[in-house]
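Colleague:
Numbering (our numbering), first residue to last: 21 to 71.
1. Run through the DSSP bridge pairs and tell me what residue 33 is partnered with.
2. Is the distance from the Cβ of residue 33 to the Cβ of residue 61 below 7 Å?
3. Classify residue 53 as helix, strand or coil using the three-state DSSP reduction.
4. Buried or exposed for residue 65, please, with buried defined as at least 16 other CB atoms from any protein chain shown within 10 angstroms of its CB.
5. With 7 Å as the threshold, decide whether the Cβ of residue 41 is near any Cβ in chain B.
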């Protein structure tokens, strides 16, 4: 995970969210898999990814 952007206070790379979207999953699905992540942080990255 060297030099990868991760969600705040975690080791979960933001690219995992991109992969979820690519496979047709939603933010809700992502948060079920990573419930310790902050919903607002995930939504912020989702907005940035979807631009």
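Cβ coordinates follow ideal geometry from the N, Cα and C atoms, glycine included.
Modeller: Taking the geometry as given:
1. Taking the first residue of the chain shown as position 1, residue 33 is located at position 13. Looking at the DSSP assignment, residue 33 forms a beta bridge with 26.
2. Translated into positions along the chain shown, residue 33 becomes position 13. Translated into positions along the chain shown, residue 61 becomes position 41. Going by C-beta atoms, residue 33 is not nearer than 7 Å to residue 61.
3. Numbered from its first residue, the chain shown carries residue 53 at position 33. Here residue 53 sits in helix by DSSP.
4. Here residue 65 corresponds to residue number 45 of the chain shown, with the count starting at 1. With 16 or more Cβ atoms within 10 Å of its Cβ, residue 65 is classed as buried.
5. In the structure shown, chain B does not exist; there is a single protein chain.
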